[in-house]
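Residue numbers (the UniProt record's numbering): 1 to 992.
The beta-carbon is built from N, C-alpha and C at its ideal position, and this holds for glycine as well.
Here is the structure:
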């Protein structure tokens with residue numbers, strides 16, 4: 001056995017058929033290799049150039065130590081490869097933001113709001129908002145031509161948000177409210193509780209221009225106080241007034257945080273300075289100018305303020321690991337994003353309303369108004385819903401029936417830009433009856449009462465479209481409050497008097513229960529719909545964007561299975577609900593949707609609760625499989641078929657294709673359902689399992705029947721998806737037995753005949769996956785599976801060049817099973833690794849199997865000659881077979897030559913040719929019974945003689961194989977291949 005050492009050359013990796021990311025594990029009790037070493041080659045070849053490898057060295061190494069074929073990724077189907085490539089080893093970070101204290105000379109409270117927006121993915125990360133009240137003595141000169149009056153300082157509210165410099169727009173997030181006393185202590189908990197967690201940041205997130213932005217509002221009278229006096233300001237009530245802004249850039253701190261992973265980094269208050277606009281109208285624009293570092297911006301540092309002291313701590317790893325490593329994890333603030341992440345499970349049902357621009361009429365007032373908006377959610381009786389509106393989240397964000405907005409001094413057209421969290425009813429029918437109500441008021445600076453300036457409203461449900469209001473910006477007309485006509489404004493809409501002004505709001509419904517879509521709304525409220533309307537809605541729901549449906553996955557699945565359970569006597573509705581189910585399951589297996597795979601699997605495992613429904617699922621799947629194999633399916637594909645039959649055939653074929661694409665999840669659902677049924681009735685376990693096994697056997701039989709079909713036209717697509725997902729079905733069987741798996745696979749492979757080039761290649765790739773699957777015992781592979789494989793290879797080696805290449809790779813995978821002394825290689829996709837297993841003891845192949853592979857050996861020479869004549873990169877299935885695109889041959893490559901020169905062939909294709917030659921040598925040495933000694937190559941092979949004699953007898957009896965006319969043609973092709981190898985070697989001249 002040769003010694004091994006690490007590989008450094010990429011060419012050496014490719015020569016061995018191993019990519020640079022593959023890891024090896026050894027299971028030989030005598031030889032245990034280091035697990036952290038990526039790839040191994042013979043030490044004597046470590047520093048050699050690929051081009052100088054001799055045939056003798058190459059054959060010697062491959063004969064004893066070859067462990068992986070060149071097709072490193074071809075043994076996985078497209079969806080598995082997509083998941084494997086998408087997973088990667090990209091690090092995940094958790095960022096803790098700790099607010100130490102705010103240094104002000106103030107005598108009131110503050111509030112902070114935090115958010116991070118990833119502009120590249122257009123999704124909100126799991127970050128936080130946070131309110132914080134401080135005292136300040138800053139005299140904000142907003143009241144023009146008014147003498148400043150002395151009095152006690154007012155409350156100020158600080159709103160922290162995050163802004164992305166690339167977008168230059170605010171990103172609204174939920175807000176968590178924390179209130180401090182006048183001495184800067186929280187009313188609940190202590191100063192050490194002001195901590196915020198930014199979850200699951202990627203490296204590309206840290207590389208962005210991210211900023212923590214703090215908007216500060218003071219809570220007090222309209223006029224700013226004079227901090228030099230302690231007299232209290234007389235006012236009707238405290239109002240929210242704009243004050244200042246703080247911007248904390250994150251990108252410039254990332255370098256230091258990465259160098260000190262897990263260590264808290266403190267920042268002085270001066271790094272989070274507070275700036276105040278010189279004019280209130282500039283307040284909304286100020287954060288953007290601070291981010292852009294605009295010169296001569298109309299702002300100044302807040303008087304007698306130092307800033308906000310804070311710290312940042314960056315952790316690497318998953319969120320669960322932070323719970324163990326961060327001592328103050330329980331004190332971290334967690335809030336939700338304004339968008340549902342469809343890749344993870346969550347329960348959300350909130351409405352976020354941002355009041356943007358407000359325009360009111362001045363009426364008979366001499367000066368402009370001080371406008372305040374009061375936001376509320378009202379029911380069908382025009383009554384505000386108690387505790388429905390909040391500004392922020394947390395124990396100190398008090399839910400109110402009506403919430404007030406910030407007030408801007410002397411402007412009829414203020415830009416407010418404040419977001420409110422509105423809790424909507426959980427029942428959709430109750431939600432349909434609610435509406436948003438915004439009243440406008442002039443806030444006087446004296447003891448005078450507030451003066452109304454109209455109202456606006458917006459129903460949550462759009463009665464014309466029959467759906468919830470869409471997420472967008474709405475311009476609402478402002479109406480005059482005019483006696484009785486304005487009391488029942490929903491009923492007297494046309495009689496309302498308009499002010500000729502409008503309010504702009506940003507509307508965002510964040511829900512995992514409903515989408516603003518007509519068909520989805522009809523589907524979710526199925527109990528209140530008639531059968532015909534519901535059937536059309538179910539059909540249209542299946543065509544909705546998949547990401548949107550994943551947002552409401554839990555509710556969607558709940559409705560599907562409720563329909564199946566409740567309307568079992570209505571076959572049409574059960575069928576339509578089944579179609580909706582397989583539509584979801586089939587979409588998950590598309591490459592673009594592979595990120596949702598974990599979400600589906602977790603839902604099936606932890607949130608699926610429907611025992612006994614497996615019978616309905618099995619019956620519906622059997623119905624589709626039986627129909628596609630029926631005479632009606634053939635008639636529907638004919639020219640004389642009626643329009644109704646054509647539509648029926650197209651619909652069933654489409655749904656069967658979806659079912660086959662997501663068949664692994666459909667089987668998981670059935671297995672989970674039968675497990676729940678057994679848990680519910682443990683005494684009937686044997687009966688339930690027997691019934692389930694019988695139904696599964698029937699499904700496999702129907703599946704095998706479909707694999708042998710050649711029509712209708714949609715059959716190839718169904719067959720392709722069935723072969724890609726076939727091995728996943730074994731996890732759903734009650735008996736996890738290798739022999740049973742092998743027998744089912746043999747019947748399935750033998751049933752797949754006359755499937756065309758694409759599906760033939762897919763069948764050969766399925767054989768490869770079986771040979772590398774750890775669920776199959778070596779003894780079962782040798783005794784049951786390889787004889788079937790040999791028959792399949794004999795047929796496909798005479799077909800298209802794509803099939804011939806796949807056959808060559810399959811033979812290479814079979815060689816270790818023919819030699820009990822050699823290990824077999826098993827792949828583990830989850831760990832991106834391979835396991836080398838020495839389990840050949842007692843698994844000696846029979847002589848009949850050796851005879852079959854001797855026949856394949858003679859055919860292999862002709863195959864190698866055929867492959868050398870073509871540009872493999874141009875083949876339709878090349879990327880599918882090799883798992884990657886191949887380099888094209890040079891443009892001057894002489895097509896049609898029997899043996900092109902090695903200098904005119906692309907390097908990766910040369911490696912393929914060499915690998916096939918090595919496989920021929922390995923198989924030749926194994927079938928002659930030698931022990932890898934050079935002198936045994938000259939000994940005659942009894943097996944080869946017997947195969948030639950058998951073929952001659954078959955030709956005499958007229959039963960010979962159609963792809964091989966006689967033994968003379970085999971010998972002629974072997975000699976021709978050898979001659980071509982001598983004329984144009986696979987290796988450069990200096991190495992031969």
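Check whether the stretch 565-573 and the stretch 306-323 touch, using three or more Cβ-Cβ pairs below 8 angstroms as the test.
no
Considering only C-alpha positions, which residue in the set 709, 714, 718 and 791 is nearest to residue 754?
709
Please report how far the alpha carbon of residue 986 lies from the alpha carbon of residue 343, in whole angstroms.
49 angstroms
By the three-class DSSP mapping on this structure, what secondary structure does residue 813 have?
helix
Are the Cβ atoms of residue 469 and residue 526 separated by less than 7 angstroms?
no
Residue from 746, 552 and 628 whose Cα sits closest to the Cα of residue 596:
552
Quick check on residue 432: does DSSP put it in helix, strand or coil?
helix
Count the other C-beta atoms from every protein chain shown that fall within 10 angstroms of the C-beta of residue 736, then say buried if there are 16 or more, exposed otherwise.
exposed
Just the C-alpha distance for residue 346 and residue 796, rounded to the nearest angstrom, thanks.
50 angstroms
So, with DSSP's three-state summary, where would you put residue 498?
strand
Leaving out the 5 sequence neighbours to the left and right, which residues in its chain are closer than 8 angstroms to residue 270 when beta-carbon positions are compared?
306 and 307
Are the Cβ atoms of residue 1052 and residue 385 separated by less than 7 angstroms?
Only positions 1 to 992 of the chain appear in this structure, which leaves residue 1052 out of reach.
Buried versus exposed call for residue 978 [16 or more other C-beta atoms within 10 Å across all chains shown]
exposed
Does the distance from the C-beta atom of residue 302 to that of residue 274 stay below 7 angstroms?
yes
Residue 120 - DSSP class collapsed to helix/strand/coil:
Caution applies to residue 120, whose pLDDT of 36 falls short of 50 and renders its modelled position unreliable; the model cannot decide the point.
Could you check if residue 684 is buried or exposed, using at least 16 other CB atoms within 10 Å of its CB as the buried criterion?
exposed
How many Å lie between residue 431 and residue 460 at the Cα?
7 angstroms
Give the secondary structure of residue 370 by DSSP, where H, G and I count as helix, E and B as strand, and everything else as coil.
strand
For residue 519, name the three-state secondary structure that DSSP assigns.
helix
For a test of the three-state rule: what should DSSP assign to residue 345, helix, strand or coil?
coil
Roughly how many angstroms separate the alpha carbons of residue 836 and residue 422, rounded to a whole number?
58 angstroms
Three-state secondary structure (DSSP) of residue 442:
strand
Give a yes or no on whether the C-beta atoms belonging to residue 756 and residue 716 are separated by under 7 angstroms.
yes
For residue 625 versus residue 732, is the C-beta spacing smaller than 7 angstroms?
no
Taking C-alpha atoms, which residue in 714, 601 and 538 lies nearest to residue 671?
601
Runs of alpha helix (DSSP H) wholly within the stretch 751-798 (minimum 4 residues, chain order)
756-771 and 786-796
Looking at residue 513: is its Cβ nearer than 7 angstroms to the Cβ of residue 478?
no
Residue 507 bridges to which residues according to DSSP?
353 and 472
How would you call residue 381, buried or exposed, if buried means at least 16 neighbouring beta carbons within 10 angstroms?
exposed
Pick from 860, 890, 905 and 984 that is closest to residue 972, judged by C-alpha positions:
860
Residue 967, enclosing alpha helix (DSSP H) - first and last residue:
967-983
Taking only the alpha-carbon atoms, compute the straight-line gap between residue 926 and residue 943 and give it to the nearest angstrom.
11 angstroms
Rounded to whole angstroms, what is the Cα-Cα separation between residue 818 and residue 853?
9 angstroms
Taking three-plus beta-carbon pairs below 8 angstroms as touching, is the stretch 350-360 in contact with the stretch 405-425?
yes
What three-state label does DSSP hand residue 548 in the structure shown?
helix
For residue 606, three-class secondary structure by DSSP
helix
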